[in-house]
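> Under UniProt numbering, the letters of the sequence shown match residues 1 to 241, in that order. Idealized CB from N, CA, C, for every residue including glycine. Since the structure is predicted, the reported quantities are computational estimates derived from the model, not experimental observations.
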Amino acid sequence: MRIYQSEDYKAMSRRAANIISAQVIYKPDCVLGLATGGTPVGTYQQLVDWYKKGDLSFAEVRSVNLDEYLGLSPHHEQSYRYFMQSNLFDHIDIKPENTHVLNGLAKDPDKECAAYNKLIQELGGIDLQLLGMGHNGHIAFNEPGDDFGLETHVVTLTESTIEANKRFFESRDEVPRKALSMGIKNIMNARRILMVVSGEDKADAVYRAFCGRVTKEVPASVLQLHPDVTLVGDKAALHKL
Ligand code: GLP
1 MRIYQSEDYK
11 AMSRRAANII
21 SAQVIYKPDC
31 VLGLATGGTP
41 VGTYQQLVDW
51 YKKGDLSFAE
61 VRSVNLDEYL
71 GLSPHHEQSY
81 RYFMQSNLFD
91 HIDIKPENTH
101 VLNGLAKDPD
111 KECAAYNKLI
121 QELGGIDLQL
131 LGMGHNGHIA
141 FNEPGDDFGL
151 ETHVVTLTES
161 TIEANKRFFE
171 SRDEVPRKAL
181 SMGIKNIMNA
191 RRILMVVSGE
201 DKADAVYRAF
211 CGRVTKEVPA
221 SVLQLHPDVT
231 LVGDKAALHK
241 L
């Protein structure tokens, strides 16, 4: 496992964007596993910046996103499809048909999940999976206690995740209670993993994930078993390591 400690959020974002762009330059038609949440926003901004300067092209890149809220349409401002369009896809040359986000309005969510697993397989697997981490150690929407053997599935969000994500909604009541999420198995099958963490409020989760024992109670701790993980964080998030 490689750990890069950056001075602050901006430097952390730049480092993470460097790693993603290296992947894209090395394999222009790579499959990127992408993440949402506040942490990767700066990384996406940096990638957009480099694209606009002509340093990077996503013309052949395929992408799969980790998760989506169940019940939100792709046009809902808090849906993860909307997030990806506004933070990245609308500003780069990735082909719309090459971007994949789970459909939060799927009539049959279990079928949607099964089709997503098949899609990942058909794409040839994920070359580089970007991840953030929740305060309780969740990755994507794999909450504490979720089985490490799960693939894409329907998840009931924990109180802690609802609490953390309510800042994006008008009120707590509006936060969806369920989501569709890649499972730990999909994530662990990615050839490389890049986790971004920022801020003092993530320091405990980082410590428990990477210095504690591997346990379902801290989903991110499973990454200790992956052969190619890079952790990029700012000082505040990494200082307990
Ligand atoms: C959400 C997402 C996760 C993300 C986490 C942390 O729950 N499903 O993929 O890693 O939030 O988000 P943030 O980066 O805003 O702390």
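1) Considering only the alpha carbon of each residue, which of Q121, V154, N189 lies closest to V222?
2) Kindly examine ligand 1 and report whether one of its heavy atoms sits closer than 8 Å to the Cβ of K202.
3) For the stretch 117–125 against the stretch 78–85, do three or more pairs of beta-carbon atoms, one drawn from each stretch, fall closer than 8 Å, so that the two count as touching?
4) Give the secondary structure of L56 by DSSP, where H, G and I count as helix, E and B as strand, and everything else as coil.
5) Out of G132, L157, H75, S181, which one is the CA nearest neighbour of A114?
6) On the DSSP bridge assignment, give the partners of L128 in chain order.
7) Buried or exposed: where does P40 fall if 16 or more other Cβ atoms within 10 Å of its Cβ makes it buried?
8) If you measure from each CB to the nearest heavy atom of ligand 1 and keep those under 6 Å, what residues do you get, in chain order?
9) Suppose only complete runs of 3+ residues qualify. What are the beta strand (DSSP E) ranges in the stretch 108–190, listed by chain order?
10) Am I right that N65 and H100 are in contact with their C-beta atoms under 8 Å? What's the rounded C-beta distance?
11) Use the C-beta contact count for G233: other C-beta atoms within 10 angstroms, 16 or more gives buried, fewer gives exposed.
12) Under three-state DSSP, which class holds Y228?
Let me lay it out:
1) As a working note, residue 222 is residue 222 in the sequence shown. Closest option to V222, Cα to Cα, is N189.
2) As a position in the sequence shown, residue 202 is number 202, starting the count at 1. Under cutoff, so the answer is yes.
3) no
4) Within the sequence shown, the letter at position 56 stands for residue 56. Note: L56 maps to coil in three-state DSSP.
5) Here the question's residue 114 lines up with position 114 in the sequence shown. Residue S181 is the option with its Cα nearest to A114.
6) Within the sequence shown, the letter at position 128 stands for residue 128. Answer is L32, R192, bridged to L128.
7) Within the sequence shown, the letter at position 40 stands for residue 40. So P40 counts as buried.
8) A35, T36, G37, G38, T39, L66, D67, G132, M133, G134, A140, F141, T161, N165
9) 128–131, 153–156, 178–181
10) By 1-based counting over the sequence shown, the position of residue 65 is 65. By 1-based counting over the sequence shown, the position of residue 100 is 100. Their Cβ separation, rounded to whole angstroms, is 7 Å, which keeps N65 and H100 in contact under 8 Å.
11) Sequence index remark: in the sequence shown, residue 233 carries index 233 (1-based). Under this definition G233 is a buried residue.
12) As a first step, residue 228 must be located in the sequence shown, where it is residue number 228. Checking the sequence shown, residue 228 turns out to be Asp, not Tyr. Residue state, collapsed to three classes: coil.
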